[in-house]
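Number of protein chains: 4
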Amino acid sequence: MSSTDLFPGAPEHHVTPSVPEPTPEEAGALEDLYANFGRANLIPLWTEIADLMPMVPTPKAVPHVWAWNSLYPLAERAGELVPVGRGGERRAIALANPGLGGTPYATPTLWAAIQYLGGRETAPEHRHSQNAFRFVVEGEGVWTVVNGDPVAMRRGDFLLTPGWNFHGHHNDTDQPMAWIDGLDIPLVHYLDTGFFEYGTERVTDEATPDVSRSERLWAYPGLRPLSGLGRTVNSPIAAYRWEYTDAALRQQLLLEDEGQPATVSQGHAAVRFSNPTTGGDVMPTIRAQFHRLRAGTSTSPLREVGSSVWQVFEGRGEVVLDGVTTAVEKGDLFVVPSWCRWSLNAESEFDLFHFSDAPLVERLHFDRSFAEGDGR
Amino acid sequence: MSSTDLFPGAPEHHVTPSVPEPTPEEAGALEDLYANFGRANLIPLWTEIADLMPMVPTPKAVPHVWAWNSLYPLAERAGELVPVGRGGERRAIALANPGLGGTPYATPTLWAAIQYLGGRETAPEHRHSQNAFRFVVEGEGVWTVVNGDPVAMRRGDFLLTPGWNFHGHHNDTDQPMAWIDGLDIPLVHYLDTGFFEYGTERVTDEATPDVSRSERLWAYPGLRPLSGLGRTVNSPIAAYRWEYTDAALRQQLLLEDEGQPATVSQGHAAVRFSNPTTGGDVMPTIRAQFHRLRAGTSTSPLREVGSSVWQVFEGRGEVVLDGVTTAVEKGDLFVVPSWCRWSLNAESEFDLFHFSDAPLVERLHFDRSFAEGDGR
Amino acid sequence: MSSTDLFPGAPEHHVTPSVPEPTPEEAGALEDLYANFGRANLIPLWTEIADLMPMVPTPKAVPHVWAWNSLYPLAERAGELVPVGRGGERRAIALANPGLGGTPYATPTLWAAIQYLGGRETAPEHRHSQNAFRFVVEGEGVWTVVNGDPVAMRRGDFLLTPGWNFHGHHNDTDQPMAWIDGLDIPLVHYLDTGFFEYGTERVTDEATPDVSRSERLWAYPGLRPLSGLGRTVNSPIAAYRWEYTDAALRQQLLLEDEGQPATVSQGHAAVRFSNPTTGGDVMPTIRAQFHRLRAGTSTSPLREVGSSVWQVFEGRGEVVLDGVTTAVEKGDLFVVPSWCRWSLNAESEFDLFHFSDAPLVERLHFDRSFAEGDGR
Amino acid sequence: MSSTDLFPGAPEHHVTPSVPEPTPEEAGALEDLYANFGRANLIPLWTEIADLMPMVPTPKAVPHVWAWNSLYPLAERAGELVPVGRGGERRAIALANPGLGGTPYATPTLWAAIQYLGGRETAPEHRHSQNAFRFVVEGEGVWTVVNGDPVAMRRGDFLLTPGWNFHGHHNDTDQPMAWIDGLDIPLVHYLDTGFFEYGTERVTDEATPDVSRSERLWAYPGLRPLSGLGRTVNSPIAAYRWEYTDAALRQQLLLEDEGQPATVSQGHAAVRFSNPTTGGDVMPTIRAQFHRLRAGTSTSPLREVGSSVWQVFEGRGEVVLDGVTTAVEKGDLFVVPSWCRWSLNAESEFDLFHFSDAPLVERLHFDRSFAEGDGR
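Printed below as a string of structure tokens:
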């Protein structure tokens, strides 16, 4: 599909100015001018406008799929060869979008990595401006300690480490564990807004409770402690447990079966992880959601401003990105650049975790989407 | 305590203007003037200011306690003598504050009533601008049907019927059931903002599910359905179940035992019922909270702008209202007028439900409180 | 018009329950029950519902018009007979709505009074929770000193004294001056939220500048001082000057002449006084607006939830309140109770000042209006 | 100053992990692993963390000053050599930060350019997602037409063209005119959020009024038209006129002379251009302010997260950027990268226009600043 489909009658690309061929004299004068521009640290708009201000978003980031079964063995191998500790800080291996010139960025704004922690290992405490979360596609046994609160990590859990909270991880078992880290590292790097500080070598609390203190205080439907009534920038819930996510999705589909409004579209249940003190996103720069498609369901093709990363949690299906269809299964990750046309087809019941830079795009009022009527 | 304690050095009452005694001629002229004022529908400020604009709030509403064991039998007797149905609408019996001149108002802004529904009875559907909730101190067997969604009522549950939602109640058992209704009827009457409309004679859905559709869609910690992402004026959660309230309070006290910040003050756990789409109060005119005091705990005396109603849910203790101490136990209700000095003493573990007009007071920026350092 | 016009097919009043005539025995039992209710400070809903929860708002306040040419001489006479000073505080004479039982209230929420200050007189400083403004229909020579900032009062000016700001007035000339005070006294009295404190006998700054310090800091289009960047509850602009109000209204009509969208309806220009730190109303409880109708313009009949007070500033016309037409001219005041059907007819160019409790109604989400298609 | 001054006792740079020298076998295995990472589009964190997540912001953008007297002649020369019209769209020449690798970006988020329009020339209409403003350091005679509303451009004026508004410029005189364009082009390019659409070749309204329709409707202190009561993303005021900016700054300094709080610090007056419908910034991505320093005033050195661009409007002084002092005068521009230590010294009365990405930084809650107590 071309941009002319989006703006009928509009040119797809910037038009070339119809300027008469310069005389040699004129060409020389122009060459001098441009050289003077360069010396004065100036660049004209008129030669750059097509790249700078395209008719529709034309990201350098490309759609891409990473298979879990190639990703995980490499993380395992890193576990054998690379120690984890102060300086390197984390045994995390980032998805590097092939279009982004060798940077370890999944999209221009989002970092997505597999982090691997061997049995009995500890990733030392530190804090940084960057907002982070963990999502666990399989395994357990690690506690992430956030501001001194040990938070168990288990399959299906979504765990928060908002900016400037000290945090470390320790594996309380003899088995390795791997999970997905999501952060706004590229955005913070781009904006030059990042600070970083070291904490302790070992986690500050090595207890291994089933439930974190954060959850004991905050993780109830619609209840707020009187000791914490303000609006907080980040969600105070450290862990969004799979049992609730699963139940919410299951109930949406059951309600749909009963003819009640509940799903986002036919056969498509979805929840957003939210900050109970505001109803908004869990952190200012990252939105996180969970989707469940019934077997046989396809979503309508959609283009959206902003970029996102998906991970298949369970089931099998296909993702279609700008016309290219790829089969995906448990653990596979893929990125959807801005304005990329995407849709999903569920072969089995199909569960997907999803995070994006939508809060940023919406706060700046750049949000825009385009849903096609047909499946072209 | 006098207002001079609040504003040291300030007069407690308006001063009397030191005006020379009028001559008979002057007195007559003044009398004529006031008569002319009356004829012209005018009233001077200077003769009324002490009543109109007192130095501190001087409510007509008085502190008062209603005993459940005298309240309940009267409701039961009403169940024998008074039918429930269209026109009368509800078998609800309101707390009438002795200071409010025979109006059925617990406080100037709040209505609190015991509602009684006999076995197999139905209270017909209607809707109104007034915001309402139910709180269940004992019993079960009634379903309140809110916008067609049947919501089971059970001990400890807090249930919402925000303004302009059709609702009725039906008792699916042979046993009567009673509960507390809280509404903003006095406020709506005062502001002349109320509309009322009849619905069906029978409830629109007579099913008796354990869990309402609202809860299935909304009652998860921090999860929002993608089909409902806007900010709503009222909480979409129809029922705040006792199991969560109880767990939240219990965990706060356990966290306190562990030396963690969690309670509102030593031995005093408390939660606020909140709207998950905003983090704010469940409805614009009513705040609802639940408190648990450890046995032996006393709260510090406090004066607050705005009025509230409390009901003892479980346990025994005392309430001290403007210096008068009253022993209270399960089911007893009491009102705290604006700026009344109140405190609680817990004999046993002491659970109390509490609602107030605080959202209104805060939205108008009239909120103000005064905590005394000592227990005078 | 009846409520059935608003809800077609709905009963205009609550229906009378069809209960069989009680036997003498039943009647006696009921009488006993009601007596017991009374002794226990209880009142049943079913006997009160029609008054408590009417089908549409049925205010006690009535539409009423006060003529300036009868109001002003009475104020003048009060100037001769009644001193102004500490205790009485202000020589203010309130509009007493004939429906409100002898209270000095224009509407249930709003106070409107004419205040009269003789030559060289001072109204001493005080402060109170009540929010206040002044509007000047004629005259000049008085400075109102708000938190130590002297603010000149001149014809057409709208001047703010938000709650808890010390303020006094002093007349720097030998001529008397009168103006309109608007406050939320009735609301604050009803809610029991009011505090009052005396200040100095004389105003704290007797300077008589043309422009207040507040205006010098704040009264520019779209400019905020970097020394005051927060959101404030009340507007920091002490005086909204007539020259700007007049220019804004004139330009709206000129833009309308040019075919541009600008007026609120054909021939009807209007501005709202706003808080530049939020864009919202000047104070949390009071909205203030200014309207200008071209000669010959009539507004469409409208019903609105909430009450308001109008004063004719210039020109002649009619106000139609629940079907009663009254001719009004410069200085005349009238009140529009909640849900009263109102419209205006302009004989000449017709300027009106208008204030209401709309911010309160909107913050509680009770706002609702009904515009009729025809001019019945 | 080093980062250790900011976090005493903290390392200034990431520490190097103390890992034993790998054996040749280990080194080979590691090399294989990294090669496999590359093939799988993966990059490890531990080798990149120092660059990705520095201890404090370490922008690529550098502090830089552009002199108006070298900038303007180049623009003039472009006026002789380069036509303005469809395709190139604008004769705008951008400040290219020497640290940003040849991109036409003043900072990572901000575009700043001099735009030059010859006598009788027209820059054709178009619209784009990018938010834009104009600031006029000298000259007049051009009207910028925003959504059909012709807006005169004169010295000292700050003019808005928020995203997706059609706009063109036409010079109604025989003299050329130049001004500064500020946009969020780099941000929109980075985020892939930009759309662009052509409009008409000539401006849609060639009238040349002194005052735009936008100003006639909106540019009054604290007054809002009833025909436009919503909150708008962008300010509806098309032009912030110099006469008001100048008066506001002058009054701040006069109030300071009178001992009143008004300036942001001693001798330093400043205003922020704001959106009257919210009190917030004029556009979601750009903050604009105007500063006036008394002769002889120096500001305290400050570091702030986020980047900005300044232009001297009048007077002479110095800017100190990360320890380098540069004399600047009328028209000179300079950029302050994130966390750069900056201060100003005023030789004469010193007026500066200033714009930044602060609204973005604040909306994401990355804002942070560091004011040094001394002048080190």
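If you read the sequences in order, they're chains A, B, C and D. Just so it is clear: in the first sequence, position 374 is 374 by the working numbering, and no numbers are missing. Numbers in the working numbering are just positions in the second sequence, counted from 1, shifted up by 376. Numbers in the working numbering are just positions in the third sequence, counted from 1, shifted up by 752. Numbers in the working numbering are just positions in the fourth sequence, counted from 1, shifted up by 1128. We put the CB at the ideal spot given by N, CA and C, even for glycine.
(1) So if I threshold CB-CB distances at 7 Å, which residues from the stretch 984-998 of chain C count as touching chain D?
(2) Using 8 Å as the threshold, is the stretch 1475-1486 of chain D in touch with the stretch 1410-1429 of chain D, meaning 3 or more CB pairs across them?
(3) Does residue 90 of chain A come within less than 8 Å of chain B when only Cβ atoms are used?
(4) Could you name the residues that DSSP lists as bridge partners for residue 933 of chain C?
(5) In this structure, how does DSSP classify residue 270 of chain A when only helix, strand and coil are distinguished?
(6) Find the residues of chain B that neighbour residue 882 of chain C, judging by a C-beta separation of less than 7 Å, and give them in chain order.
(7) Closer than 9 Å, Cβ to Cβ, to anything on chain A: give me those residues from the stretch 1476-1494 of chain D, in chain order.
(8) Spell out a yes or no on whether the stretch 1313-1322 of chain D and the stretch 54-72 of chain A are touching, meaning 3 or more CB-CB pairs, one atom from each, closer than 8 Å.
(9) On the DSSP bridge list, what partners appear for residue 1287 of chain D?
(10) Which same chain residues end up closer than 8 Å to residue 1109 of chain C when comparing Cβ atoms and leaving out the 5 residues on each side of it in sequence?
(11) Locate the beta strand (DSSP E) running through residue 1495 of chain D, then write down its first and last residues.
(12) Taking Cβ positions, are residue 421 of chain B and residue 844 of chain C nearer each other than 8 Å?
(13) For residue 1076 of chain C, which of C/1024, C/1005, C/973 and C/1092 has the nearest alpha-carbon?
(14) Is DSSP giving residue 1326 of chain D helix, strand or coil here?
(15) Which residues does DSSP list as the beta-bridge partners of residue 1277 of chain D?
(16) What does residue 975 of chain C touch in chain D if you count any residue whose Cβ is under 8 Å from its own?
(17) Please list the partners that residue 1030 of chain C has in chain D, where partner means a Cβ-to-Cβ separation under 8 Å.
(18) Using a C-beta to C-beta distance shorter than 9 Å, which residues of chain B count as neighbours of residue 212 of chain A?
(19) Label residue 101 of chain A either buried or exposed according to how many other C-beta atoms from any shown protein chain fall within 10 Å of its C-beta, with 16 as the threshold for buried.
(20) Across the stretch 1282-1295 of chain D and the stretch 1398-1412 of chain D, are there enough close Cβ pairs to call them in contact, namely three or more that are closer than 8 Å?
(21) Give the residues from the stretch 111-126 of chain A that approach chain B closer than 7 Å (Cβ to any Cβ), ordered along the chain.
(22) How about residue 745 of chain C and residue 982 of chain C: do their beta carbons lie closer than 8 Å?
(23) Going by DSSP in three states, residue 473 of chain B sits in which element: helix, strand or coil?
(24) What is the residue span of the beta strand (DSSP E) that residue 1438 of chain D lies within?
(25) Using a threshold of 8 Å, state whether the C-beta atoms of residue 1170 of chain D and residue 95 of chain A are closer than that.
(26) Exposed or buried, what is residue 1048 of chain C when buried is set at 16 or more other beta-carbons lying within 10 Å of its beta-carbon?
(27) Could you tell me the boundaries of the beta strand (DSSP E) in which residue 664 of chain B lies?
(28) With a CB to CB cut of under 6 Å and the five nearest residues on each side skipped, what residues in its chain are close to residue 894 of chain C?
(29) By Cβ distance, which residues of its chain are closer than 6 Å to residue 1327 of chain D, with the 5 residues on each side in sequence left out?
(30) Which bits of chain C does residue 402 of chain B rub up against, with CB to CB less than 8 Å?
(31) Name the chain C residues that come within less than 9 Å of residue 1428 of chain D, Cβ to Cβ?
(32) Do you know offhand how far residue 1498 of chain D's Cα is from residue 641 of chain B's?
(33) Got a sec: which bits of the stretch 189-214 of chain A sit with their beta carbon under 8 Å from any beta carbon on chain D, in order along the chain?
(34) Output needed for residue 1021 of chain C: all residues of its chain with C-beta closer than 6 Å, excluding positions within five of it in sequence on either side, in chain order.
(35) For residue 26 of chain A, which three-state DSSP category applies?
(36) Which parts of the stretch 577-603 of chain B are runs of the beta strand (DSSP E), unbroken and 3 residues or longer, counting only runs that do not cross its ends?
Short version:
(1) Answer in chain order: 987, 989, 992, 996 and 997.
(2) Between the stretch 1475-1486 of chain D and the stretch 1410-1429 of chain D there are three or more inter-stretch CB-CB distances shorter than 8 Å, so the stretches are counted as touching.
(3) It does not; no Cβ of chain B falls within 8 Å.
(4) Partner(s): C/865 and C/886.
(5) Here residue 270 of chain A sits in strand by DSSP.
(6) Those within 7 Å of residue 882 of chain C in chain B are 429.
(7) Under the 9 Å Cβ criterion, the stretch 1476-1494 of chain D contributes 1485, 1487, 1488, 1489, 1491, 1492, 1493 and 1494.
(8) The answer is yes - the stretch 54-72 of chain A touches the stretch 1313-1322 of chain D, with three or more Cβ pairs under 8 Å.
(9) Per DSSP, D/1262 and D/1367.
(10) Around residue 1109 of chain C: 859, 861, 862, 936, 939, 1037, 1038, 1039, 1058, 1059 and 1060.
(11) It is not in any beta strand (DSSP E) - residue 1495 of chain D carries neither H nor E in the DSSP assignment.
(12) Using a Cβ distance threshold of 8 Å, residue 421 of chain B and residue 844 of chain C count as a contacting pair.
(13) Nearest of C/1024, C/1005, C/973 and C/1092 to residue 1076 of chain C, Cα basis: C/1092.
(14) Three-state result, residue 1326 of chain D: strand.
(15) Beta-bridge pairing links residue 1277 of chain D to D/1274.
(16) Neighbours of residue 975 of chain C on chain D, chain order: 1368, 1372, 1373, 1376, 1399, 1400, 1401 and 1402.
(17) The contacting residues are 1406 and 1407.
(18) Chain B residues near residue 212 of chain A: none, gap ~11 Å exceeds 9 Å.
(19) Exposed, since its Cβ has fewer than 16 Cβ neighbours within 10 Å.
(20) Three or more beta-carbon pairs separated by less than 8 Å link the stretch 1282-1295 of chain D to the stretch 1398-1412 of chain D, which places the two stretches in contact.
(21) Close to chain B, meaning a Cβ-Cβ distance shorter than 7 Å, is no residue of the stretch 111-126 of chain A at all.
(22) Nothing in the structure corresponds to residue 745 of chain C, since chain C is present only between 753 and 1128.
(23) Of the three classes helix, strand and coil, the one that applies to residue 473 of chain B here is coil, per DSSP.
(24) Run containing residue 1438 of chain D: 1436-1442, per the beta strand (DSSP E) assignment.
(25) In this structure, residue 95 of chain A lies closer than 8 Å to residue 1170 of chain D by Cβ.
(26) Burial check for residue 1048 of chain C: the Cβ neighbour count within 10 Å stays below 16, so the residue is exposed.
(27) Where residue 664 of chain B is concerned, the enclosing beta strand (DSSP E) stretches over 663-669.
(28) Around residue 894 of chain C: 869, 905, 921, 923 and 929.
(29) So the qualifying residues of the chain are 1253, 1254 and 1294.
(30) Chain C residues near residue 402 of chain B: 833.
(31) Under the 9 Å cutoff, chain C gives no residues; its nearest Cβ is about 14 Å from residue 1428 of chain D.
(32) Using only the alpha carbons, I get a separation of about 35 Å.
(33) From the stretch 189-214 of chain A, only 189, 190, 191, 192, 193, 194, 195, 196, 197 and 198 have a Cβ closer than 8 Å to chain D.
(34) Excluding its 5 nearest sequence neighbours in each direction, residue 1021 of chain C has C-beta neighbours in its own chain below 6 Å: 1001, 1004, 1005, 1015 and 1044, listed in chain order.
(35) When DSSP states are grouped into helix, strand and coil, residue 26 of chain A belongs to the helix group.
(36) Look at the stretch 577-603 of chain B and you find these whole runs of beta strand (DSSP E), each 3 residues long or longer: 599-601.
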